[in-house]
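If you use our numbering, the sequence shown corresponds to residues 53 to 565, in order.
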Amino acid sequence: MADAMAAQRDLPALGTKTGRLYVSLYFPALALDHWLRASQETYPLALYSGQRLVAVSSAARAAGVTEGMSVTSALALSPQLCLRVFEPEQGLHLLQNLAQWAYGFTPYVELDEPDFLHLEVASSLRLFHGQTMLLERITRELAAWRCAVFIGLGPTRMVAKLLAKSQVLEAAPSLVEQQAAIAEQRLGVLLSALPVSRLDVSAALLKRLASSGFRQLGQLTALPLSELGQRFGKDAVRYLQQLCGLQEQPVSALTLAPAFNQRLAFIYGLTDAAHLQEPLQLLLRQLQQFLRLRQLITQRICWCFYHEDKTESQIIVAVQSAHSDTDEFYQLTCLKLENLRWSSAIEQVGLEALGLTSAAPVAKGLFRDMRDKSDDIERLMNRFYQRFSAQQFCSYRLQAEHLPDKQQCEQLAFVSNKVKAASAVGLDVDHWLCPWLLHPPQALFMRKKQLIWYRDGLRQELQLVSRAARFDSHWWQQRARRDYFIAKAQQHYYSVFFCQQREQWFMAGFYVC
């Protein structure tokens, strides 16, 4: 008799392998998470539409506030209740940002609005060293988003979605139990015990199933499809076929956002810059993941602060060379925040990346002591730039001049790129090019055939340690004839010259050694 019943079944066993593996992420409270995830504290929050509550936080629910309650009744139960207008687009925007994050695990990400994401990860298992490590990383990174989430795992999208949606039930199988069931090929047992009320079908169909006495999924899949179709229609048949993998929906690739522009909202306005540190780091972590996935770098980021009095303020953090080091951007942002003053509390903070460019591979030496130190110099200059205006902060660049003491000129530090090497501009570099020049050269004194330099009130006696190098230049303007020498005082070396026109000695600069 049992064999005859099995022969009549049109559906394969639940949990049958399909060659795919789906991870479904269920976010049941994205509209609330939009307001709550920027804070580590638990606030009684409720979202309302019209005069009725449509979503409440766990803290509000503990105070007796529930969905469907009037605003007046809710405030009577909890006078501290924070009320915000329910705006579905806020939750949808957060779901889209989460989809961009999920792209870091697989190119096959699908938005199932308003509260589901589906990831097909079968082709990513090897990259992440197996199913266990992949799920651990997904769980760990999801925790940083601070959104309520339930995770389902299955061979079809509908199975994973059903398991994720069933997580809200106390007796539902956990993610660990789902993994074990898949590994031991007993996922069908877990699925058969799930309640029919969790199926992703219309409310009318759920009511008909309940009135017909169906309580568990296994009771439905045990019946022939023809009988189910006659009793409950094509929608029920289509759903069960998709659930068992007979009618799999096509896998779609996610369309990536062209730019990074994210916001965080706060239930209560922030009045202290110290309270901004955690939200800033959260947004920068999202920016880092965005840049890493797209293989992009940025030279400027813009912080936008939206205040309670409906005003806006901005902070632009710029660096000399584009990079993707968000820790560096955070340190520079903190320097800017020291001077930030705002008229009212901050309700939202936004981050936008400006001037995105493709990242080029950077070759680094194998030995740390032999690596180029230019990055350290750039970091120092970036910190100076945050404290001074563009007009105050200057650097020097080499220029094609014959006289050694004129081979540097002042420029705004962030107008051009790095200070280029002398060879890059075609100069004939020799030991007469002093690395640190004085502007203008300082006068020296000759006393009893001894060359003397008074520096900061201190007397230094200079000894010439090189032969003269005659430079005769600028005859087309004001002729300059000079004899250059290298002089020494104690353990330091200096560049000095004797000016023929003025018959006087000058200090041109000093060597860093």
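Glycine included, every Cβ here is placed at the ideal spot set by N, Cα and C. Here the structure is a predicted model, which is why all the values come from computation and not from measurement.
Query - Own chain residues within Cβ distance below 7 Å of S518, not counting five before or after - result: Against the sequence shown, residue 518 aligns to sequence position 466. If we look at S518 and ignore the five residues flanking it on each side, its Cβ neighbours are F537 and I538.
Report task. Select from H526, T409, L516 and W87 the residue whose C-alpha is nearest the C-alpha of W197. Result -> Along the sequence shown, one-based indexing puts residue 197 at 145. Among H526, T409, L516 and W87, the Cα nearest to that of W197 is on W87.
Report task. Could you check the C-alpha separation between D535 and Q542 for me, to the nearest Å? Result -> Numbered from its first residue, the sequence shown carries residue 535 at position 483. Numbered from its first residue, the sequence shown carries residue 542 at position 490. Looking at the two C-alpha atoms, the distance is approximately 23 Å.
**Report entry** CA nearest to the CA of A223, picked from P207, L242 and I234
**Finding:** The residue labelled residue 223 in the question sits at position 171 within the sequence shown. Of P207, L242 and I234, the residue nearest in Cα terms is L242.
**Report entry** C-alpha gap between D27 and V369, whole angstroms
**Finding:** Because the chain spans 53 through 565 in this model, residue 27 falls outside it and cannot be assessed.
**Report entry** Continuous alpha helix (DSSP H) stretch holding D85: start and end
**Finding:** Counted from its first residue, the sequence shown places residue 85 at position 33. L82 to L88 is the extent of the alpha helix (DSSP H) around D85.
Report task. Label V211 either buried or exposed according to how many other C-beta atoms from any shown protein chain fall within 10 Å of its C-beta, with 16 as the threshold for buried. Result -> Residue mapping note: residue 211 aligns to position 159 of the sequence shown, counting from 1. By the neighbour-count rule (16 or more Cβ atoms within 10 Å), V211 is buried.
**Report entry** Euclidean distance between Cα positions of R352 and Q494
**Finding:** Taking the sequence shown and counting its residues from 1, one reaches residue 352 at position 300. Taking the sequence shown and counting its residues from 1, one reaches residue 494 at position 442. One C-alpha to the other measures close to 40 Å.
Query raised in the report: Quick one: Cα of L345 to Cα of L306, how far?
Result: Taking the first residue of the sequence shown as position 1, residue 345 is located at position 293. Taking the first residue of the sequence shown as position 1, residue 306 is located at position 254. Those two C-alpha atoms are separated by around 13 Å.
Query raised in the report: Among residues of its own chain, excluding the 5 on either side of T191, which ones have a beta-carbon nearer than 8 Å to its beta-carbon?
Result: As a working note, residue 191 is residue 139 in the sequence shown. Hits under 8 Å: I203 and L227.
**Report entry** Where R283 sits in the DSSP three-state scheme
**Finding:** Working through the sequence shown from its first residue, we reach residue 283 at position 231. If DSSP states are grouped into helix, strand and coil, R283 belongs with the helices.
Query raised in the report: Under the three-state reduction of DSSP, which class applies to A474: helix, strand or coil?
Result: Position 422 of the sequence shown, counted from the start, is the residue given in the question as residue 474. At A474, the pLDDT of 32 sits below 50, so the modelled position is not reliable; the number obtained from the coordinates is stated separately. Helix at A474.
Query raised in the report: What three-state label does DSSP hand M121 in the structure shown?
Result: One-based indexing of the sequence shown puts residue 121 at position 69. Of the three classes helix, strand and coil, the one that applies to M121 here is coil, per DSSP.
Query raised in the report: Per the contact definition of three or more C-beta pairs closer than 8 Å, is the segment 322-331 in contact with the segment 236-253?
Result: no
Query raised in the report: Looking only at its own chain, which residues have a Cβ that is under 6 Å from the Cβ of L99, when we skip the five neighbours before and after it?
Result: Against the sequence shown, residue 99 aligns to sequence position 47. Contacts found: A83, V106, A107, R136 and F138.
**Report entry** Segment limits, alpha helix (DSSP H) that includes V371
**Finding:** For the purposes of this step, residue 371 is taken as the residue at position 319 of the sequence shown. It is not in any alpha helix (DSSP H) - V371 instead sits in the beta strand (DSSP E) that spans E364 to H375.
Query - Status (buried if at least 16 other CB within 10 Å, exposed otherwise) for R113 - result: Position 61 of the sequence shown holds residue 113. Classification of R113: exposed, given that the 10 Å Cβ count is below 16.
Query raised in the report: Buried or exposed: M53, going by 16 or more other Cβ atoms within 10 Å of its Cβ?
Result: As a first step, residue 53 is located in the sequence shown; it is residue number 1 there, counting from the start. Caution applies to M53, whose pLDDT of 35 falls short of 50 and renders its modelled position unreliable; the value that the coordinates give is listed next. Answer is exposed; the Cβ neighbour count stays below 16.
Requested in this report: Note down, in chain order, each residue of its chain lying with its Cβ closer than 7 Å to the Cβ of Y155, except the 5 sequence neighbours on either side.
Outcome: Translated into positions along the sequence shown, residue 155 becomes position 103. Contacts found: V161, L306, L308 and L345.
Requested in this report: Could you tell me whether the segment 358-365 touches the segment 382-390, using the rule of 3 or more Cβ pairs below 8 Å?
Outcome: no
Requested in this report: Determine which residues share a DSSP beta bridge with V401 and list them.
Outcome: Along the sequence shown, one-based indexing puts residue 401 at 349. Answer is L316 and F357, bridged to V401.
Requested in this report: For F562, collect the residues of the same chain with a Cβ closer than 6 Å to its Cβ; drop the 5 residues on either side in sequence, then sort them by chain order.
Outcome: Stepping through the sequence shown from its first residue, residue 562 is reached at position 510. Around F562: W488 and Y546.
Requested in this report: Tell me, to the nearest whole angstrom, how far the beta carbon of I349 is from that of A311; I am working on the premise that it is less than 8 Å.
Outcome: Here the question's residue 349 lines up with position 297 in the sequence shown. Here the question's residue 311 lines up with position 259 in the sequence shown. Not a contact, Cβ separation roughly 14 Å.
Query raised in the report: Helix, strand or coil for Q515 per DSSP?
Result: Residue 515 sits at position 463 when you count from the first residue of the sequence shown. If DSSP states are grouped into helix, strand and coil, Q515 belongs with the strands.
Query raised in the report: Are there 16 or more other CB atoms within 10 angstroms of the CB of L262, so buried, or fewer, so exposed?
Result: Your numbering for residue 262 matches position 210 in the sequence shown. A small fix is needed here, since residue 262 is Ala in this sequence, not Leu. Classification for A262: exposed.
**Report entry** Rounded C-alpha distance that separates Q372 from F180
**Finding:** Here residue 372 corresponds to residue number 320 of the sequence shown, with the count starting at 1. Here residue 180 corresponds to residue number 128 of the sequence shown, with the count starting at 1. Roughly 35 Å separates the two Cα atoms.
Query - Neighbour-count burial assignment, V401, 16 or more Cβ in a 10 Å radius - result: Walking along the sequence shown from the start, residue 401 turns up at place 349. Under this definition V401 is a buried residue.
Query raised in the report: What distance in whole Å lies between the Cβ atoms of L73 and V173, which are believed to be in contact at a cut-off of 8 Å?
Result: Locating residue 173 in the sequence shown gives position 121, where the first residue counts as 1. Locating residue 73 in the sequence shown gives position 21, where the first residue counts as 1. With a Cβ gap of about 5 Å, V173 and L73 count as contacting.
Query raised in the report: When the distance is taken between beta carbons, is S76 closer than 8 Å to A570?
Result: The chain is shown from 53 up to 565; residue 570 falls before or after that span and cannot be answered.
Query raised in the report: What are the partner residues of G561, as DSSP defines its beta bridges?
Result: As a working note, residue 561 is residue 509 in the sequence shown. Bridge partners of G561: L489 and S547.
Query raised in the report: Nearest-angstrom Cα distance between I234 and K69?
Result: Along the sequence shown, read from residue 1 onward, the residue named residue 234 stands at position 182. Along the sequence shown, read from residue 1 onward, the residue named residue 69 stands at position 17. Between I234 and K69, the C-alpha separation is close to 9 Å.
Requested in this report: Pick helix, strand or coil for P276, following the three-state DSSP scheme.
Outcome: Against the sequence shown, residue 276 aligns to sequence position 224. Correct three-state label for P276: coil.
Query raised in the report: Going along the chain, which residues of its own chain have a beta-carbon closer than 6 Å to the beta-carbon of G478, five neighbours each way excluded?
Result: As a working note, residue 478 is residue 426 in the sequence shown. Only weak support is given to the placement of G478: the predicted model assigns it a pLDDT of 35, under 50, and the value that follows is read from those uncertain coordinates. None.
Query raised in the report: Going by DSSP, which residues form a beta bridge with E172?
Result: Taking the first residue of the sequence shown as 1, we reach residue 172 at position 120. E172 pairs with Y74.
Query raised in the report: Which whole runs of the beta strand (DSSP E) in the segment 138-165 are 3 residues long or more, in chain order?
Result: 161-164
Query raised in the report: Leaving out five residues before and five after G143 in sequence, what residues of the same chain have Cβ atoms less than 7 Å from its Cβ?
Result: Translated into the one-based positions of the sequence shown, residue 143 becomes position 91. Excluding sequence neighbours, G143 sits near L82, A83, H86 and P166.
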